[in-house]
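FYI, the numbering used here numbers position 195 of the sequence shown as 390, with every residue one higher than the one before it.
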Amino acid sequence: MSKGMFISLEGPDGAGKSSVLEALIPILEAKGQAFVTTREPGGVAVAEKIRDVVLDPKYTEIDEKTELLLYIASRRQHLVERILPALDRGEMVLVDRFIDSSVAYQGFGRGLKVADIDWLNDFATDGLKPDLTLYFDIEAEEGLARIAKSKERGADRLDRESVEWHQRVREGYLSILEKEPNRVRKIDASQPLEKVVADTLAVLAERVESLR
């Protein structure tokens, strides 16, 4: 059986990638594409418990290295329990955040050494990287303004960081894009959702024959 395609969706808070992923589900179903959607941190029971802790606004005392290690632990369990089995079945896997989030948020945002984060990511994933990463780009101010207006989403612990902190996160993503242009594709997330979804499908169609 052929290995499935592994796709990650990345972006600063408020970029709307989760909304894009939700919009893709009926489109992929209509195309007859076998796929799994999931998220980080989370996706499986243990990782969802970690998510509850790491994003809870009341845990203001979480150290930046503790935060990173919690994400890494969640990533490992999610990988072995959900992502790898789906890929082995030949299914497409679309995950809302993966390794690049740790580089952008804990590396550029928190100021931890990117080399250390790269090593931990490699350790947790056995070197697995997505075949394609869709990076949804938006200015920090606009992303945070969207979160503030959202009735469906309350601000989590990271949403409450400063605009400057979120700007550093975006800079981290842009750095990854510059280093890995073949894997990472940039999509303008400041556009209306319908246009962002259309642009996303256009990128996917370049890689997935069934979506052309």
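Quick reminder that beta carbons are idealized off the backbone N, C-alpha and C, glycines included.
_Spatial neighbours of Ala400 within its chain, please: C-beta separation below 7 Å, excluding the five flanking residues on both sides._
Taking the sequence shown and counting its residues from 1, one reaches residue 400 at position 205. The answer, listed in chain order, is Leu406 and Arg407.
*Selected residue, minimal CA-CA separation from Asp332, among Asn316, Ile202, Phe201 and Asp208*: Counted from its first residue, the sequence shown places residue 332 at position 137. With distances taken between Cα atoms, Asp332 lies closest to Asp208.
*Is Glu205 helix, strand or coil when you go by DSSP?*
One-based indexing of the sequence shown puts residue 205 at position 10. Strand, per DSSP.
*If you draw a straight line from the C-alpha of Gly322 to the C-alpha of Asn316, how long is it?*
Taking the sequence shown and counting its residues from 1, one reaches residue 322 at position 127. Taking the sequence shown and counting its residues from 1, one reaches residue 316 at position 121. Between Gly322 and Asn316, the C-alpha separation is close to 8 Å.
*Measuring CB to CB, does Thr232 end up less than 8 Å from Leu216?*
Sequence index remark: in the sequence shown, residue 232 carries index 37 (1-based). Sequence index remark: in the sequence shown, residue 216 carries index 21 (1-based). Result yes, Cβ atoms of Thr232 and Leu216 sit closer than 8 Å.
*Mapping DSSP to helix, strand and coil, what is Phe318?*
Along the sequence shown, one-based indexing puts residue 318 at 123. Three-state DSSP puts Phe318 in a helix.
*Quick one: using the 10 Å Cβ neighbour count with 16 as the cut-off for buried, is Met196 buried or exposed?*
Taking the first residue of the sequence shown as 1, we reach residue 196 at position 1. Only weak support exists for where Met196 lies, its pLDDT of 42 falling under 50; the value from the coordinates is given anyway. Exposed.
_Excluding the 5 residues flanking Ile267 on each side, which residues of the same chain have their C-beta closer than 6 Å to its C-beta?_
For the purposes of this step, residue 267 is identified with residue 72 of the sequence shown, where counting begins at 1. Excluding positions up to five away in sequence, the list reads Leu315 and Ala319.
*Sequence-distant residues of its chain with Cβ nearer than 8 Å to Gly302 (five each side left out)*: Stepping through the sequence shown from its first residue, residue 302 is reached at position 107. Only Lys308, Val309, Ile312 and Gly367 meet the Cβ criterion.
*Compute the distance between the beta-carbons of Leu289 and Val398, then report whether it is under 8 Å.*
Start at 1 with the first residue of the sequence shown, and residue 289 comes out as number 94. Start at 1 with the first residue of the sequence shown, and residue 398 comes out as number 203. No.
*Would Leu388 pass as a contact of Ala218 if the rule is Cβ separation under 8 Å?*
Position 193 of the sequence shown, counted from the first residue, corresponds to residue 388. Position 23 of the sequence shown, counted from the first residue, corresponds to residue 218. Going by C-beta atoms, Leu388 is nearer than 8 Å to Ala218.
*Leaving out the 5 sequence neighbours to the left and right, which residues in its chain are closer than 7 Å to Leu372 when beta-carbon positions are compared?*
Translated into positions along the sequence shown, residue 372 becomes position 177. Excluding positions up to five away in sequence, the list reads Tyr330, Val379 and Lys381.
*asked:* For Asp394, which residues in the same chain have their Cβ closer than 6 Å to its Cβ, ignoring the five residues on either side in sequence?
replied: Reading the sequence shown from its first residue, position 199 is the one you call residue 394. So the qualifying residues of the chain are Ile382.
*Val403 versus Thr255 - alpha carbon distance*: Here residue 403 refers to the residue found at position 208 when the sequence shown is read from its first residue. Here residue 255 refers to the residue found at position 60 when the sequence shown is read from its first residue. So the alpha carbons of these two residues sit roughly 42 Å apart.
*Could you check how far apart the C-beta atoms of Leu149 and Lys212 are, in whole angstroms? I think they sit under 8 Å.*
For the chain, the structure presents residues 196 to 407; residue 149 sits outside this window and is missing.
_Proximity below 8 Å, CB of Leu339 to CB of Val364_ = On the sequence shown, position 144 is the one that residue 339 refers to. On the sequence shown, position 169 is the one that residue 364 refers to. Their beta carbons are not under 8 Å apart, which means Leu339 does not touch Val364 by this criterion.
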